[in-house]
């Protein structure tokens with residue numbers, strides 16, 4: 289209970305900082321999601337073992353698992369680059385008419401020239417068609 293009371297203000301501060309796009313927002317949200325996820329899982333196991341309803345306890349455990357699974361997208365390089373307002377791809381490496389594109393099948397990032405694409409072009413990673 290004390291752990292939950294400490295986690296609640298941290299979560300509120302983290303949400304506000306994340307909304308305002310301040311630099312410690314991602315770090316505080318990562319801490320709050322992790323701590324609340326662990327708290328939900330612990331509470332869920334206690335409810336399943338000692339409480340009257342195993343279903344409610346299982347739902348708490350699932351809530352804790354889903355909370356901790358949201359930490360990885362917060363720490364991804366693409367999200368951090370968007371959050372900081374920077375670019376993860378240096379556009380100076382591209383040729384004159386090249387653009388960055390994503391394969392519709394395997395999500396590989398490719399440098400392509402749109403005017404030269406045709407229906408027979410395939411992805412070098414998965415051999416899927418680049419033009420659908």
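Numbering (the working numbering), first residue to last: 289 to 420.
Heads up, the beta-carbon is just placed ideally off N, CA and C, and yes, glycines get one too.
Note that this is a predicted model, so its numbers are computed, not measured.
Proximal residues to residue 410 (C-beta, below 7 Å), its chain only, five neighbours per side dropped: Scanning its chain for C-beta atoms nearer than 7 Å, with the 5 sequence neighbours on each side dropped, one finds around residue 410 the residues 416, 417 and 418, in chain order.
For residue 398: DSSP bridge partner residues: The partner list for residue 398 (beta bridge, DSSP) reads 389.
Contact the segment 333-343 vs the segment 307-318: 3+ CB pairs below 8 Å: They do not touch, by the three-pair rule.
Per-residue burial, residue 420 [other beta carbons within 10 Å of its own, 16 or more giving buried]: Classified as exposed, residue 420 has fewer than 16 neighbouring CB atoms from the shown chains inside 10 Å of its CB.
Identity of the residues DSSP links to residue 410 by a beta bridge: Residue 410 is bridged to 417.
Short Cβ contact (8 Å threshold) for residue 371 with residue 307: No, Cβ-Cβ distance for residue 371 and residue 307 is not below 8 Å.
As assigned by DSSP and simplified to three states, the class of residue 340: DSSP places residue 340 in coil when its eight states are reduced to three.
Three-state secondary structure assigned by DSSP to residue 384: Coil, per DSSP.
3 or more residues per run - each beta strand (DSSP E) lying fully within the segment 345-370: Segments of the beta strand (DSSP E) lying fully in the segment 345-370: there are none.
At least three beta-carbon pairs within less than 8 Å, the segment 319-329 to the segment 293-301: Output reads yes: the segment 293-301 touches the segment 319-329.
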